[in-house]
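Heads up, the thing below is written out as structure tokens.
Chains as they are written, first to last, in this note's numbering: chain F, 345 to 706; chain A, 33 to 352; chain P, 276 to 582.
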């Protein structure tokens, strides 16, 4: 197993070093609470190329937001604690940076947009000024230059009448417009990486479509890499190049969007795909939910965290955390699943996604 | 042919807002809900679906129109009759974090309805509470815990248990899954379906997610700015949407299949969801409709049957 | 790689265990247990609490246990500074100041606690009703509070003294009349916010009447702010009593209260500072302790900081 991993790491280093923007290695983050240590992130690895979109998908509490915030060092340090890990951005380990050094990175090289546009914008500051802040600080623009750029950004994100909108306050914007304004603020300094933490969860579905469209459009124009955090696989299907499926603090499957949607290997991923409702299938096709509840990370199970909810769970699953196993036939050799089902000694299991596809095609 | 359980006739609910304006949350809607069916009520924020649900259970008093439950006119009930009505019609709420009293144990929460209506006491009461908890997939070990110790999905199940404790016939589910992760949504929807079969319940299922509504509803009504745009059977709506808003709404729903999704032709609506304070005369959808014509700005289209069992409110949709 | 020996039996399928999945591993803590835990970790608040308990204990027991009673005059030992016989010294009539201080504590604390209890009771009910019904009821009720508050406490006391004899009663009534408004406003604010919450709507939908909603849903979720407000009202009442007695509008001689002791002490301040020092110190320490406890409680009872 470890030989395999080394081989792959070497492959990555030689082949695409110039394109590689972000590499997260063995990130472990815990929170010290009165009840004990909550192990929110337990060894996360992923890579992101320039201009690429990585979707991190998982249920609430799986650690996806904590992972993203750790990259930006936004986790309050007590009670949070980065136990180990490296976050390499363009050749520098961000976790070694002091707060002052991170200030230069945030907004300029990495930006973040959040779920709730109502609380993410400062209600007492004009929207234009919020866009100008980052420009003045990071790009040393004068007020006039920054104002011009702010208007440009509002136009870029599709807000009508940007000249008058730039003077307005957040409460004068609608929900969808506020999210666009947030995107404008985040992209004003043309960062290399945009982290979007559930950006459309709180929006109506027609507005959601608009925002996802906008983000895909802006990515093409500005060549920004995006980490998209969400619990909704449907949203991801359109925009993701790579997908990391997280559960209970670990990435249990990782691959390109084609790998995950068309050749998923982990039972949790199967569960996610089977439980998502679809407009294009008959209503009589019963949704197959994942029964049960994710484990409390104050006492994470020693074995695979999904074992209690997995129909295919084996004895070994309760005892030991499975290692990452490379899946054959993936597009670029980067499809991994953390599952004992792919060990040589494991019994063969029917892949319900293939089965369903077979049924649909009949 | 099943009987009608709830009949809504010309229901209106207006709110007075600051500045002397009127917020027309629900503006003259009519529909029926048959016994044993699930009617889905879909729309985006501001369309009035939640207000409709809350008015039906009398959390709000209707400004106009009638709500007929069996043969009772809900708007004209006395206090005592209203208390009796609550035994028939119950509600499940949206926010799993705000819908349970943080200071009460699960037993107290589920048992509150039993206590208010004096249904059981002592050991019987406890037994009944355990039964209901098991019915929703929880156990008696959970009975003495507090809401904050549970996950979102578990809390919603506690909310469902609370509604079921007094054995209602009709449940208004007000966005019961919107605040949950997609994988847990399926859990709750399947639970609701099973409970419906087991306990012979009738549901009004309010949601903004068209794809989830499809899986649970027999018929679906699409609302926009306080009015019903389209009302028809679930499969029919998805196979043959007629109203331009319905079509746009469906187009916007994400498809978890990259090849299909990336090749789909999207209808992206311009502009934002409008506010129910400044409702235009004429068709409510005129501001964002790709097919808008002069008549739409003048006359509000009535909800009429253009195909058997398929009603639409649009001037541009002609009867075949 | 093969540092573990895996056997075929390890791969036997056992399937899911939903019961285990739904289990809650953390210990269950009630609201009060959680609050106490948080309070305990706040050293300052704990010290403050201990001081309060100590002082209340002394107020209850010390007057019974001292050698000298509070009103025993002894012209042989007038105006003595603190010594081994009289720990706090004596006053101008030879009375033991230690005994008088704790007797005074009894009076001051009695006034403070009784007045606070009245304030809390009236305030919670008034604020609860005003917040719950809202609308015109709320507007009228809040204006009444403002009218009452437009008359300063001092004036209320003077008005009451026109019809009542000076003593504990008029002070308690004055503090009560002008104190419940703050509590009412706090409770009203909380109730206004809480009544929109879905768990209150759920109770209404279940058929709960106003009384049940107020008592089971609204007030219990307001306990945090109520307790904190209460904790700040006590030192305020102590101070008011001290202030009024200091002005001569309070407890008359020979009855002791911290305020009257401070008043007599002030007359002698240049010659015998100890007579003012001890009652002033007691008032200050008591008020400081309650304020620190109140701060600690504010953090301990904040639901957002739950452990």
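Even glycine gets a Cβ: it sits at the ideal position worked out from N, Cα and C.
Under the three-state reduction of DSSP, which class applies to residue i: helix, strand or coil?
i                      : result
residue 108 of chain A : helix
residue 469 of chain F : coil
residue 603 of chain F : helix
residue 383 of chain F : strand
residue 342 of chain A : strand
residue 597 of chain F : strand
residue 348 of chain F : In this prediction, residue 348 of chain F scores a pLDDT of 42, lower than 50, which makes its location untrustworthy; the coordinate-derived value is nonetheless stated afterwards. Helix at residue 348 of chain F.
residue 262 of chain A : strand
residue 276 of chain P : In this prediction, residue 276 of chain P scores a pLDDT of 42, lower than 50, which makes its location untrustworthy; no coordinate-derived value is stated.
residue 71 of chain A  : strand
residue 512 of chain F : coil
residue 45 of chain A  : strand
residue 619 of chain F : helix
residue 424 of chain F : strand
residue 662 of chain F : helix
Is the separation between the beta-carbon of residue i and that of residue j shorter than 7 Å?
i                      : j                      : result
residue 495 of chain P : residue 187 of chain A : no
residue 410 of chain F : residue 390 of chain F : no
residue 623 of chain F : residue 285 of chain A : yes
residue 285 of chain P : residue 660 of chain F : yes
residue 189 of chain A : residue 168 of chain A : yes
residue 459 of chain P : residue 398 of chain P : yes
residue 578 of chain F : residue 620 of chain F : yes
residue 650 of chain F : residue 686 of chain F : no
residue 470 of chain F : residue 511 of chain F : yes
residue 64 of chain A  : residue 39 of chain A  : yes
residue 615 of chain F : residue 642 of chain F : no
residue 445 of chain P : residue 435 of chain P : yes
residue 503 of chain F : residue 524 of chain F : yes
residue 56 of chain A  : residue 311 of chain A : yes
residue 107 of chain A : residue 94 of chain A  : yes
Can you name, in chain order, every residue of its own chain whose Cβ lies under 6 Å from the Cβ of residue i, other than the five neighbours on each side?
i                      : result
residue 664 of chain F : 647
residue 313 of chain P : 575
residue 346 of chain A : 275 and 333
residue 431 of chain F : 368, 415, 438 and 439
residue 683 of chain F : 610 and 666
residue 333 of chain P : 377
Is residue i close to chain D? Criterion is C-beta to C-beta, closer than 7 Å.
i                      : result
residue 293 of chain P : You won't find chain D in this structure, because its protein chains are F, A and P.
Give me, in chain order, the residues of the same chain whose beta-carbon lies closer than 8 Å to that of residue i; leave out the 5 immediate sequence neighbours on both sides.
i                      : result
residue 111 of chain A : none
residue 485 of chain P : 407
residue 365 of chain P : 349, 352, 353, 354, 355, 371 and 372
residue 441 of chain P : 524, 525, 526 and 527
Give me, in chain order, the residues of the same chain whose beta-carbon lies closer than 7 Å to that of residue i; leave out the 5 immediate sequence neighbours on both sides.
i                      : result
residue 346 of chain F : Its pLDDT being 43, under 50, residue 346 of chain F is placed unreliably by the model, and the measurement read from it follows with that caveat. The answer is none, since no qualifying residue turns up.
residue 400 of chain P : none
residue 590 of chain P : Because chain P is modelled from 276 through 582, residue 590 of chain P falls outside the range shown and cannot be assessed.
residue 370 of chain P : 345, 346, 347 and 348
residue 657 of chain F : 651
residue 200 of chain A : 119, 120, 121 and 122
residue 520 of chain P : 526, 532, 534, 535 and 538
Any alpha helix (DSSP H) of 4 or more consecutive residues that is wholly inside the segment 330-411 of chain P: Positions of the alpha helix (DSSP H) runs, each at least 4 residues long and wholly inside the segment 330-411 of chain P, are given as 372-408 in order along the chain.
For the segment 419-458 of chain P, which segments carrying the beta strand (DSSP E) assignment without a break, of at least 3 residues, lie completely within its bounds, in sequence order? Runs found: none.
Anything in the segment 285-318 of chain P with a Cβ closer than 9 Å to a Cβ of chain A? List those residues in chain order, please. 293, 294, 297, 298, 299, 301, 303, 304, 305 and 306
Residues from the segment 574-592 of chain F in contact with chain A, defined by Cβ distance under 7 Å: 575, 576, 577, 578, 579, 581 and 582
Using a Cβ cut-off of 7 Å, which residues of the segment 111-124 of chain A contact any Cβ in chain P, in chain order? 115, 118, 122 and 123
If contact means a Cβ-Cβ distance below 8 Å, which residues of the segment 514-532 of chain F contact chain A? 518, 519, 520 and 521
Using a Cβ-Cβ cut-off of less than 7 Å, give me the residues of the segment 79-113 of chain A that come near chain P, in sequence order. 89 and 91
Write down every uninterrupted run of the beta strand (DSSP E) in the segment 202-232 of chain A whose length is 3 residues or greater and which is fully enclosed by it, in chain order. Restricting attention to beta strand (DSSP E) runs no shorter than 3 residues, the segment 202-232 of chain A encloses them at 202-206, ordered along the chain.
For the segment 178-192 of chain A, which residues have a CB atom closer than 8 Å to at least one CB atom of chain P, in sequence order? The residues in question are 178, 180, 181, 182, 186 and 191.
Members of the segment 329-347 of chain P that neighbour chain A once the beta carbon cut-off is set at 7 Å: none
For the segment 550-568 of chain F, which residues have a CB atom closer than 9 Å to at least one CB atom of chain A, in sequence order? 550, 551, 552, 553, 554, 556 and 557
Could I get the ranges of all uninterrupted alpha helix (DSSP H) runs contained in the segment 79-137 of chain A, with 4 residues as the minimum, in chain order? 81-88 and 111-117
Taking beta-carbon pairs under 9 Å, can you tell me which members of the segment 474-488 of chain P lie near chain A? 474, 475, 476, 477, 478, 479, 480, 481, 482, 483, 484 and 487
Every unbroken beta strand (DSSP E) inside the segment 231-257 of chain A [3 residues or more]: 234-239 and 251-256
Contact residues within the segment 290-310 of chain A, judged by C-beta distance below 7 Å to chain P: none
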